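Written out below as structure tokens is the structure these notes cover.
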Amino acid sequence: MSNNTAGANTNNSIVKAVQLLNTFSMEKPRLRLKEISVMTGISQPTAYRMLSTLKQFGLVEQHGSIYSLGLGLLRYESIVLNSITLRRVCMPYLEELSLKERINVNLAVLEGDEVLYVARAETPYCRYGYFHVGMRRPVYCTALGKVLVYQKPELIERVFAKGVIKCTMNTITDETEFRKEIETVKLQGYATDLEEWTNGSNCIAAPVFDLGRRVIGGISISGPVSTYSREQILGYRPILLEYANRVSLAMQNLGESN
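Quick note on numbering: the sequence shown equals residues 1 to 258 in the UniProt record's numbering.
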């Protein structure tokens, strides 16, 4: 990408906000407004307004005339570290399961109100569907979404309050019905998406737990209905639960050793 193109795609307000955050360091964790202005070249009035905005989101804290980084940044740290660690621990299991069963296996985490895909183990026997790391999907009409939100009733309320789209004839768009579906997921330990996100595709997913039995991710098997009918996709339930449990134990052992 040329410098001109990069410049054209740059948002100056975001650049300045990042510059403000980057002024803080281990050597200088607390700074005054004048220091921040001098270090960034941003005028004091502009720096003050931007710091006030960052403070609203918990990214910056203010104690009198002193500014420091806010605890809100820890949210992003935990997401990144969990995703990286989970992916590293998970990949050998995903690849083993994919090779053993000749299937595509996905790994995802919850990011905000959406499913965020962080890894996939693919098989040459099932070249199906578009995938890339960072891909996002709704929580209410995907198997991974269901296992990722079943411990978060407040998130379910928020998602339906925003409004949901009926992606297919099978998409659940009624909050009461969806909560009943989630209760079933809790009881059986897995979730399905039977042409709920997109026509012609079925999926089954199981949660991954940390040491405190909190859901930190989900593993899924997906494919076209021509190959993975309802009965066939449910047939993977035992081995999917087995591998999800193995990943959970690996993550829990890692937590114990830290």
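All residues carry an ideal CB built from backbone N, CA and C; glycine is no exception. If you're wondering where the values come from, they're calculated on a predicted model, not measured in any experiment.
Give every residue of the same chain whose Cβ lies closer than 8 Å to the Cβ of Gln252, excluding the five residues on either side of it in the sequence, and list them in chain order.
Position 252 of the sequence shown, counted from the first residue, corresponds to residue 252. Cβ within range, chain order: Phe209, Asp210, Leu211.
Mapping the DSSP letters down to three states, classify Thr192 as helix, strand or coil.
Looking up residue 192 in the sequence shown gives position 192. Thr192 falls in the strand class under three-state DSSP.
By the DSSP assignment, the beta strand (DSSP E) with Pro207 in it spans what residues?
Residue 207 sits at position 207 when you count from the first residue of the sequence shown. Looking at the DSSP string, the run of the beta strand (DSSP E) that includes Pro207 is 201-209.
Would you call the stretch 89-103 and the stretch 193-200 in contact, with 3 or more CB pairs under 8 Å?
No, they do not touch.
With a threshold of 8 Å, are at least 3 pairs of Cβ atoms found where one atom belongs to the stretch 137-152 and the other to the stretch 103-119?
yes
Just reading off the alpha helix (DSSP H) that Gln62 is part of, what are its end residues?
Translated into the one-based positions of the sequence shown, residue 62 becomes position 62. Careful: Gln62 lies outside any alpha helix (DSSP H), inside the beta strand (DSSP E) at 60-63.
Return the bridge partner residues of Pro224 from the DSSP annotation.
Taking the first residue of the sequence shown as 1, we reach residue 224 at position 224. DSSP output for Pro224 lists Ser201 as bridge partner(s).
Out of Arg87, Met26, Gly72, Gly58, state which residue places its alpha-carbon closest to the alpha-carbon of Asn106.
As a first step, residue 106 is located in the sequence shown; it is residue number 106 there, counting from the start. Asn106 has its Cα closest to that of Arg87, out of Arg87, Met26, Gly72, Gly58.
Within the same chain, show all residues whose beta-carbon is closer than 8 Å to that of Ile172, passing over the 5 residues directly before and after it, in chain order.
By one-based count along the sequence shown, residue 172 stands at place 172. Excluding positions up to five away in sequence, the list reads Tyr140, Cys141, Phe178, Glu181, Glu196.
Give the list of continuous beta strand (DSSP E) stretches no shorter than 3 residues that lie fully inside the stretch 49-119.
Taken in chain order, the unbroken stretches of beta strand (DSSP E) that lie wholly in the stretch 49-119 and span 3 residues or more are 60-63, 66-69, 104-111.
Whole angstroms is fine: what's the gap from Leu234's alpha carbon to Ile42's?
Looking up residue 234 in the sequence shown gives position 234. Looking up residue 42 in the sequence shown gives position 42. Cα-Cα distance, rounded: 58 Å.
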